[in-house]
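Okay, so the sequence shown: first residue is 1 according to UniProt numbering, each after it adds one.
C-beta atoms are modelled at their ideal positions from N, C-alpha and C, and glycine is treated no differently.
Model, not experiment: these values are computed from the prediction.
The next block holds one structure in the form of C-alpha cells; read it before the comments.
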Amino acid sequence: MEHYLVESSHTSETFLVKWSTYINPQEGTVEWDQFLVFRIDEEGNAVYTEDFGGVCIFLSKAESFCLPAACLHDQRPNCIYHLSKNSFGIRCMDDNEKETTGDLNFPGPFWFPPKLDSKANVVNILVLTFRRSYV
C-alpha cells in the first residue's frame, strides 16, 4: 500500500490517499487498484471521504496534485488519475468505476502539474515517461 499526501491549492484542503494494487504474479499484470481517500480536518484528523470538493486527484511517482474538475476535458469531479510503473487509469469515486486502464511495460511514469492561466482554462496533462537503462 502506498500513501500520498495531496494538497489542493484551489480549495485549501489536504487529502491522504491510500493506494493498494494487486498484481497477478503469473502474468505480471495489474488485476485491480483500490483507493481510500481521507480529508485532513483542522484538528489533523483523517476523515474518510468520496467527495473531493470539485477537484480531481493526480497520483504518480512525481508530485501528486489536485486540479479543479472544471479545468479538465470531461469535467467530472471526485476522480483519481493514477500512474504507476505497472498501470494507469482513472477511478471515479462517485460510482467506483474504473474509467480507463492499461498496463505499462516500463518504469517511471510521472504526472507533472500544469500551470493554469488566470481564467483556469481547460488544461492538457503532460505525461512524461523515463526509461531507465541498466548497464
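Nearest-angstrom Cα separation, counted from residue j out to residue i
i            : j             : result
tyrosine 81  : asparagine 45 : 24 Å
serine 64    : glutamate 43  : 23 Å
glutamate 13 : glycine 89    : 24 Å
serine 8     : proline 114   : 13 Å
aspartate 33 : tryptophan 19 : 7 Å
histidine 73 : isoleucine 57 : 14 Å
histidine 10 : isoleucine 40 : 15 Å
Limits of the unbroken beta strand (DSSP E) element including residue i
i                 : result
phenylalanine 15  : 13-23
leucine 67        : 65-68
arginine 76       : No beta strand (DSSP E) holds arginine 76; DSSP gives it neither H nor E.
histidine 3       : 2-8
serine 60         : Serine 60 -> no beta strand (DSSP E), and no H or E assigned at all.
glycine 89        : 87-92
phenylalanine 110 : 109-111
Check whether residue i and residue j have beta carbons under 7 Å apart
i           : j           : result
tyrosine 4  : leucine 59  : yes
cysteine 79 : cysteine 92 : yes
For residue j and residue i, believed in contact at Cβ under 8 Å, the rounded distance
i                : j                : result
phenylalanine 38 : phenylalanine 15 : 7 Å
glycine 54       : proline 77       : 5 Å
Any C-beta of chain D under 7 Å from that of residue i
i            : result
glutamine 26 : No chain D appears in this structure, which consists of one protein chain only.
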